[in-house]
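For the sequence shown, the numbering used here puts the final residue at 248, and the numbers step up evenly by one. Using N, Cα and C, we set each Cβ at its ideal position, and we do this for glycine too.
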Amino acid sequence: MTGQSTPSPLPLPGGVGVSRLGVYDTVAPDGAVGGTPHLHLCCAEAYLVQAGAGLVQTLALDGYRETPLRPGAVVWFAPGTIHRLVNHGGLEIVVLMQNSGLPEAGDAVLTLPPEVLADPARYAASVALPNGGAPGGDLAAAYARRDLAVRGFERLRDSALGGDLDPLREFHAAAVRLVQPHLDAWRQRWRGGALRAAEETGRQLDALARGDASHLGEAVVHEFAQPREQGRQGMCGLLNTYPVH
């Protein structure tokens, strides 16, 4: 039996964001093919590998890793993990973002050189894309910021591999300073997404404890027939995005 779907009054399950990512396939300054190294400050992220092959390079205070990516693999990491996707050919991933896609709405700091991170205006200019990275645009700016971030990432990685974590800690501090003006907007997205979903579960548990099944009668099916847009320029590749909140 089929029926009409209705616009969702709630976020996707758990207040996550979802997109499909085709990883960039051009060469960065270090000779690797792929995306832009960056971190998130409030959001965990997960990859569900759909096609192709590659790896994700990660850097945190516990060290540097390279995790292979093959179809069927699921990889996820916590806030504070610098990550960079490397494309060995045809790498396509479904990306799950905590907090209703907050990373693509601002919770991301690229590993640009320290002198850029220290100047908010210069940082903003360095990471901006023409027309906000709208589909169909020239990728030159996306590749340029990727290449600048790779140079900063190499410095952080080489220092960490040499036993010196101070540059990484300094990057963390610079990232916090950059995002502080945006925290009120981030909090609103969190309240309307992940927090709202968790609180709804709490209300349902309370109802069940009372023997109240009324919310079961409100069940409906929702769908996204297709992405909201296809080919948006992201940090690691071209994104097919869905309206998650």
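Just the C-alpha distance for residue i and residue j, rounded to the nearest angstrom, thanks.
i	j	result
Leu211	Gln53	38 Å
Ser11	Val224	Summary for Ser11: the model assigns pLDDT 47, below 50, so the residue's position carries little reliability, and this model does not support an answer.
Leu42	Leu219	39 Å
Gly104	Ile96	15 Å
Asp122	Val89	29 Å
Ala143	Asp187	32 Å
Asp33	Arg172	23 Å
Val179	Gly214	46 Å
Leu242	Glu202	30 Å
Tyr126	Val119	5 Å
Ala124	Ala222	48 Å
Ala128	Pro184	16 Å
Leu24	Thr39	13 Å
Glu69	Met100	21 Å
Gly240	Val130	14 Å
If you follow the beta strand (DSSP E) that residue i is part of, which residue opens it and which one closes it?
i	result
Arg87	85-100
Tyr67	66-72
Glu232	232-236
What are the start and end residues of the alpha helix (DSSP H) that includes residue i?
i	result
Gln191	186-193
Tyr146	143-164
Glu203	199-212
Leu120	117-120
Val130	123-130
Leu171	169-182
I'd like the list of long-range same chain contacts for residue i, defined as Cβ closer than 6 Å, with 5 residues on each side in sequence excluded.
i	result
Ser162	Pro170
Leu51	Val77, Val97
Trp193	Asn102
Phe227	Tyr245
For residue i, which beta-bridge partners are listed by DSSP?
i	result
Phe80	Glu48
Thr61	Arg68, His86
Leu24	Ile96, Leu242
Pro56	First, the amino acid is wrong: residue 56 is Ala here, not Pro. Paired residues: Gly92.
Which residues in the same chain have their Cβ closer than 7 Å to the Cβ of residue i, if we skip the five residues on either side of it in sequence?
i	result
Trp189	Cys45, Leu105, Gly109, Asp110
Gln7	In this prediction, Gln7 has a pLDDT of 45, which is less than 50 and means its spatial position is unreliable; nothing more can be read from the coordinates.
Leu64	Leu168, Leu171
Under 8 Å by Cβ, that's how I've got residue i and residue j pegged, so tell me the actual separation to the nearest angstrom.
i	j	result
Gly138	Arg235	Here residue 138 turns out to be Pro, not Gly, going by the sequence shown. About 5 Å; that satisfies the 8 Å criterion.
Gly18	Gly196	4 Å
Tyr27	Arg149	7 Å
Could you name the residues of the same chain whose beta carbon sits closer than 8 Å to that of residue i, not counting the 5 residues immediately before and after it, in chain order?
i	result
Leu159	Leu62, Ile85, Thr114, Pro170, Leu171, Phe174
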